[in-house]
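Worksheet for the structure shown next.
Protein chains in written order, with full-length UniProt numbering: chain D, 1 to 583; chain W, 1 to 583.
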């Protein structure tokens, strides 16, 4: 699979498009990019599901409650086809937000309305029975299968503010909040970039700084302070904001604020050694060099320890603490669990974890009928070593106490599916099959028999290959589609389970476990240049990649309305520039 | 002039366009509308200026300070051509807002960004030396020719918050605020519709009501309350909002909120006998009938006496007071003076007036070099009877004590220009000239001599024809253009005064006094129907007038950017409907 040709890979990249997108064929063949747009179905091949929820064959429809309308929740709703559920969606936002374009809103490259789509419009098209409630869930009661919700409107005096909803299946897709690492002053003085409101506030704040700097009562020294924009966190969001801001200043604001344009400075503070450290080092290097040319200061190895209304204090690796004055600060260092999720984790005995854990079928461990996906959860991958003796005895069909490598064939596919770390382990050892691994371990190349100790020692290193999935839109969307597909085929798979063998029990798992397919990552760097890191260590940087980025993002947008609006926003920006009105 | 053909009138209607608009020729010939778009110059023919500010022939540039960036201020800036001034603009908004489309923002027919244009973009194009400061003027000191300003940003700790600006000429164009008539609870609970922020808040509030009504904890009875939208004031703004809201509900929200759509109600409360009472009675009747058909309740003769968080109390003419529950209330009853203007009026001895008074040259009475225009001021038209003996003695060239009607010819044009109420008075008497009036009064049709008493009695009724100008964008824009034209020709008119005779002094006034030309009014009534009241009592109602409205408003927009955006917004609305995301 990993050896597939580039064209196959590029093609897989653009799966999961809305039904009409086959009409949009934009092929951008360039120094490094080809984007072929076609209608793709949500990937189903190796995905699967397990037996958390027991369909009891009742005629009454099961009630599915979805908490959240981000990538995970909406992907679930868009892919749910079965009409055998009553769906109720609860979210504080009555729209889906296309988060990858959020940094573009901060400087007006794209308008906020162009990248949101009302949930009701999305579900109406599906023709399913979906109710939406604009409210925030503040408590989950898994014993009584109930969620407690509260309206987010604080100024409407009519009616009650709270209600509860019963569920048969609960899908927790509430996302995460910005992580301040308890740094003092961040909540009060820094901006975050999680929602539309954040982005609009940032946009206003940038213009505020320019207007403020332009007042006659502002001294030259103060002007430099006010126009110092600081981004904390060198991940994709922070880097993209810095790039957008730089473009906005150079392309638009410099002409309108000629008196203050030379006082603008942008600094990115990153605790690690490099910005964009989840990307390939070629991209990191390119980005750092480009930013240096653009005059954006990249301050690595530096940790923010305190933010006040006027200054940001940083601590270097040497222990030296220094302060810098600033006008606006964006905090983009990562995500943390939301308070309601932390509360729920305490209830279900996960209080000592940092993030809600699910199994490979996205089921919350210890709760019947509760699923969690997207940024609010991580998959707790089963260790091979936990089950090693059960695996051995399943494979040892003749119960001889030793494993014949020929007989082992029967369980090998199930083993590889159930424990995906094995595949990575083999890859890291540059081996083609598990037989090779076992043969190597047994020390006797001619032997075809393996005992339990040899088996254990052969697989003992595999679990070190386990990795958590990144908290990205891509992961959340795939999880939502996977779960919807499981719900669609619940009855069918009940009769004919398609998952791997149960090594600890009898029979097979009902569904294939969730498996993430990485289709690559983009990092827009400003000045019409973007870097892309695609699977197979394929890297593309430059103007052509920007067009690939445009194409991919347009095709990924949730509706034709948003596609048309985003494209016309880009056109407007090319012709008229970005708007600098402070509204 | 009033007898001019319809085509001349329609043509005058579309004067004062930005330079490029000649390219846009949209002719809409219909049941009642023809719109011919052409490039028109700001009207100059009968406008003039007086001798408030003495150009002293200095080489140093005079400093002009403009307070406000609404219709009046921006019209002044756009029409100022002379480079002999240093211009500094102070306004809390760094953009110009095209207010006639403000009601369209409240329901998302047009986006807010589409109808604003940054002031810096407007002045940059002119190539003049214009500084913009985003701040609010809180005090004017006419003795020392200084204005005191303060930043409107409350959360930026850097630098000082206040500064002062010296001026040689001050142009007050700060607009007005909504008038609550001190009705209790209005400030706290009602929405206004003066700025972009107001319109965006209303948009969010409408969606809030629908989401709130859609919660399971909201009873049927509460739902009806929450979805009761009340508009106080039956003027164009209130009526247009009610129409927009009705369209939004019927065309878009009814599909997305099917469970609650039948609980929506809209009420317009008007203290007078009819809504749109400044329009022709045919329009009023049409609007009231259309609203009744649409299910919008029009409650006339009813005055709001109190607003609480849940209820609006109204008082009928009978004295009966009743209350109605509501979900959202728009207060659109008219305008009042801003506190800074009231403070300034007290300083200059106008404390007993309700609104700042200027003379016919837009000069603030009693202040040297201070002008006021737009909604913040009214023109205090000079009365004929105040000057009647001076007029008589000017006209009585041979100082005989009687006026020869032949000799009177010399002053008649000046008289008509200085006192425009005379023209209205003649019109109301259906007379063609002032000679006829004097002859009638003298009682002797054959006589050609008039003594002072006859002269007085002939003109005594003329002053009853004086009317204040309406507080509209049209008036403000014409005043701005007029004043800019005066500033452009300051030196020229100093040497060769072009205004009317000074009846109380020697020589002529430097400029013609300001004279308003009414080009008609639109009242959009929803459902793609608009009513137009054009000069000469010409009325047009219906679908065709909607297209006239589209055409006129597009052509009047301040820049090509906003034109393109508004047209694409309308297109988007036709294709995709209005967005109901609560952002």
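Yeah, the Cβ is synthetic: ideal placement off N, Cα and C, and Gly gets one too.
- Classified as exposed, residue 575 of chain W has fewer than 16 neighbouring CB atoms from the shown chains inside 10 Å of its CB.
- The closest CA to that of residue 303 of chain D, considering only D:311, D:233, D:370, is found on D:233.
- The continuous alpha helix (DSSP H) containing residue 73 of chain W extends over residues 71-79.
- Contact holds between the stretch 466-486 of chain W and the stretch 58-75 of chain W, because three or more Cβ pairs, one in each stretch, are under 8 Å apart.
- C-alpha of residue 410 of chain W to C-alpha of residue 307 of chain W: approximately 60 Å in a straight line.
- Nearest in C-alpha terms to residue 495 of chain W, of all of W:525, W:296, W:469, W:510, is W:510.
- Around the beta carbon of residue 292 of chain W, a 10 Å sphere encloses fewer than 16 other beta carbons of the protein chains shown; the residue is thus reported as exposed.
- Of all residues in the stretch 123-147 of chain W, the ones placed with a Cβ closer than 8 Å to any Cβ belonging to chain D are 124, 132, 133, 134, 135, in chain order.
- Listed along chain D are 579, 580, 581, 582, 583, each with a C-beta nearer than 9 Å to that of residue 95 of chain W.
- Contacts between residue 153 of chain W and chain D, judged by CB atoms closer than 8 Å, involve 208, 211, 212 in chain order.
- For residue 245 of chain W, no CB of chain D lies under 7 Å from its own CB, so it is not counted at the interface with that chain.
- When Cβ-Cβ separations below 7 Å define contact, residue 98 of chain D makes no contact with chain W.
- The continuous alpha helix (DSSP H) containing residue 545 of chain W extends over residues 543-556.
- Residues are counted here when their Cβ sits less than 9 Å from a Cβ of chain W; for the stretch 566-577 of chain D these are 568, 572, 575, 576, 577, given in chain order.
- Leaving aside the five residues that flank residue 461 of chain W on each side, the residues in its chain whose CB is nearer than 7 Å to its CB run, in chain order, 425.
- For residue 526 of chain D, same chain residues with a beta-carbon under 6 Å away, outside a window of 5 residues either side, are 243, 246, 247 in chain order.
- The beta-carbon of residue 470 of chain D is placed no less than 7 Å from the nearest beta-carbon of chain W.
- Listed along the chain, the chain D residues whose CB falls inside 7 Å of the CB of residue 101 of chain W amount to none; the nearest CB is some 14 Å away.
- Residue range 281-294 is occupied by the alpha helix (DSSP H) that includes residue 287 of chain W.
- Counting the other CB atoms within 10 Å of its CB gives residue 321 of chain D a total below 16, which places it among the exposed residues.
- For residue 533 of chain W, the secondary structure class from DSSP, reduced to helix, strand or coil, is strand.
- Its chain contains 209, 210, 213, 260, 263, 264, 265, 327 as the residues whose beta carbon lies nearer than 8 Å to that of residue 227 of chain W, once the 5 sequence neighbours on both sides are disregarded; these appear in chain order.
- Secondary-structure assignment with DSSP links residue 87 of chain W through a beta bridge to W:64, W:130.
- Membership of residue 278 of chain D in any beta strand (DSSP E) is not indicated, and neither H nor E is assigned to it by DSSP.
- The bridge partners DSSP lists for residue 582 of chain W come to none.
- Of the other Cβ atoms in all chains shown, fewer than 16 fall within 10 Å of the Cβ of residue 433 of chain W; this residue is therefore exposed.
- Our two residues, residue 571 of chain D and residue 560 of chain W, have alpha carbons roughly 14 Å apart in a direct line.
- Between residue 76 of chain D and residue 120 of chain D, the alpha-carbon positions lie close to 14 Å from each other.
- The criterion of a C-beta distance shorter than 7 Å is satisfied by residue 361 of chain W and residue 513 of chain W.
- Boundaries around residue 164 of chain W are those of the beta strand (DSSP E), 162-166, since no alpha helix (DSSP H) includes it.
- Distance from the CA of residue 493 of chain W to the CA of residue 486 of chain W, rounded to the nearest whole angstrom, comes to 8 Å.
- The C-beta distance from residue 215 of chain D to residue 163 of chain W rounds to 6 Å, short enough to fall under 8 Å.
- Excluding residues up to 5 positions away in sequence, 114 lie with their Cβ nearer than 6 Å to the Cβ of residue 565 of chain D in the same chain.
- In its own chain, leaving out the 5 sequence neighbours on each side, no residue places its CB closer than 6 Å to the CB of residue 430 of chain W.
- Counting only runs that start and end inside the stretch 172-256 of chain W, the alpha helix (DSSP H) elements of at least 4 residues fall at 186-189, 196-213, 220-226, 236-248.
- At least one CB atom of chain D sits nearer than 7 Å to the CB of residue 160 of chain W.
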